Ligand code: AMP
Ligand code: GLY
C-alpha cells in the first residue's frame, strides 16, 4: 500500500512510523511533514499545505495512493474528506459534517444533550450581556469557551466572575476570530481527565487504550494550557468498569445520534472525559481526530496492523474485525518544547542528540522540526516527543527521561514530572 498522511506534528510522525511497520505498507508520504518524517526510511515529505485539497488529490491519484489519513482537525473541518472522496480516494477521517463535533462546541453540546451523553451543564450565548448575567447567576468557578476551533486556546477555566466576564468580552471582541461568534458557558468539573480515542466506521465503535496527557506548561499541572506536554497509556484510572461505561454511555450513543442525523462518521472519535473522584464520568469535549501527544503513546502499544483497522473503518467492516490486540507493557512520552511556548518562542535552533536518545532505547517522534541542509532544526512550539516503553510506568518514564537528557537545543524546556500520578 501507498499511504499519504496529512499533517506535520508528532501525531503524524507517529502515524507514519506505525503504518510503516506493516509488511503491507511500502510507502508513506507525509504532507507537509516535519524533520522526522523527512528522514524516516520509507517516508517522503511533500511540499503541500494541509488545505491544498486539489494538489493533495492530484498527487494521490497520480501516484496511486491507496489511502489518505488526515491528522489535524482543520482540514477535516474544511471538508478534505468530502473533497477527496468525490475524487475517488479512500480517506480515513470524518466528513465536514462529522468534524463539527470538534469544530463547534455549541453543536457538539446539543448533540450530547440530545443523546443523553453525560456532560457538564452548559448554555450558549451570542451576546455578552446575557452571557455575563448567566455567569453572575451561576457563580465561579465557571468555564468559558469560544465555540469554534482556536488551536486549544479557546477555553478559559475562570476562578472568579471577573475573569469569566473578561473572557466573554475578549471572545466577543474577536480574540479567536470567527471561532468566537458563540460562547459556551459551562459548569466547572473536577477530577482527572482521560482521553479515549476510538475507531469507528459509523456503525461499530472500538476504543483504543485510554491515555492521560498533561495539558499545562508548568510542573504540578500549573500555568497556561498547551497542546499537551506529555502523556502515558494505558491510563490506570480508566478501569475496565469505566471503559465499559465509556462504551455504552458515550461512544455508542454518539455514533447512534450522528447516524440518526444522517452523518456517516468514519475515522477517530476522541472523547475527552472528566472522571470525578467518585468515578462519575462526563464528556468535556469530542475531537474528530487522533490526540497529540496521546497518539505517541497509544500507537507504540498497538499490535493489530493500523492500516487494517483504518481500511476497515473506511469500508465499514470494523464489526467483522477480530478484537484489537495490544502489546504488553506501557508507554510514556515527554515533550521537549521551545523556550517561551505556549507564548512567543524562537525557531531555527539546531537540535542535537536524537540518535543518542534512540540508542538508549527511546523513540523520538518529531513535531515542530524541519530538516535543513542535513540538520534537524526547531520549527514550532512543541518540538519533540521522547517516548519510552516498559513493563511499568517507572521504566517507561526512565527511558523517556534518559533519552531527553541527551537531547539539546537552545531554549529547550520540558516538564520533569510527567506521569507523576502513575510513577
Ligand atoms: P476542551 O477543548 O473543551 O476539552 O477544553 C480544554 C481543556 O479545558 C480541557 O482539557 C480541560 O482541562 C478544561 N476544561 C474544559 N471544559 C471544562 C469543564 N467543564 N470543567 C473543567 N475544566 C474544563
Ligand atoms: N492532547 C489533546 C488533544 O490532542 O486535543
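Residue numbers (this note's numbering): 35 to 457.
Glycine included, each C-beta is placed from N, C-alpha and C at the ideal position.
It should be emphasised that the depicted structure is a prediction, and the values quoted were computed from it without experimental measurement.
| Check | Outcome |
| --- | --- |
| 8 Å Cβ cutoff met for residue 420 and residue 456 | no |
| beta-carbon residue 222 near the ligand AMP non-hydrogen atom, thresh 7 Å | yes |
| Sheet register partners of residue 534 (DSSP bridge) | The shown model of the chain, from 35 to 457, leaves out residue 534, and the question about it has no answer. |
| Whole runs of the alpha helix (DSSP H) within the stretch 376-442, excluding any shorter than 4 residues | 388-393, 427-439 |
| Cβ distance (whole Å) where residue 130 is taken to contact residue 116 below 8 Å | 5 Å |
| Close beta carbons around residue 301, own chain, < 6 Å, minus the five adjacent residues each side | 126, 127, 128 |
| Beta carbon of residue 410 nearer than 8 Å to that of residue 385 | yes |
| Option nearest residue 137 by Cα separation, candidates 454, 101, 163, 181 | 181 |
| Nearest candidate by alpha-carbon position, reference residue 335, set 87, 243, 220 | 243 |
| Where residue 60 falls, given that 16 or more other Cβ within 10 Å makes a residue buried | exposed |
| Among 92, 357, 101, 221, the one whose alpha carbon lies nearest that of residue 49 | 101 |
| Within 8 Å, strictly: CB atoms of residue 178 and residue 264 | no |
| Any non-hydrogen atom of the ligand AMP within 7 Å of residue 505 CB | No statement about residue 505 is possible, as the shown extent of the chain runs from 35 to 457 and does not include it. |
| Cβ neighbours of residue 340 in the same chain (closer than 6 Å, five flanking residues each side left out) | 52, 53 |
| Limits of the unbroken alpha helix (DSSP H) element including residue 117 | 114-120 |
| Reference residue 207, options 250, 167, 161, 221, closest by Cα | 161 |
| CA-to-CA distance, residue 270 to residue 428, given in whole angstroms | 14 Å |
| Segment limits, alpha helix (DSSP H) that includes residue 293 | 286-294 |
| Three or more C-beta pairs below 8 Å linking the stretch 192-204 and the stretch 227-245 | no |
| Supposed close pair residue 452, residue 370 - CB separation, criterion 8 Å | Wrong, their Cβ atoms sit about 11 Å apart, outside the cutoff. |
| Identity of the residue in 143, 199, 145, 189 nearest residue 168 by Cα | 199 |
| Residue burial classification, residue 337 (beta-carbon count within 10 angstroms, cutoff 16) | exposed |
| Residue 319 Cβ short of 7 Å to the ligand AMP heavy atom set | yes |
| Within 8 Å, strictly: CB atoms of residue 449 and residue 253 | yes |
| Beta-carbon gap between residue 107 and residue 322 smaller than 8 Å | yes |
| Distance cut-off 7 Å: residue 419 Cβ against heavy atoms of the ligand AMP | no |
| Span separating the alpha-carbon of residue 352 from that of residue 380 | 44 Å |
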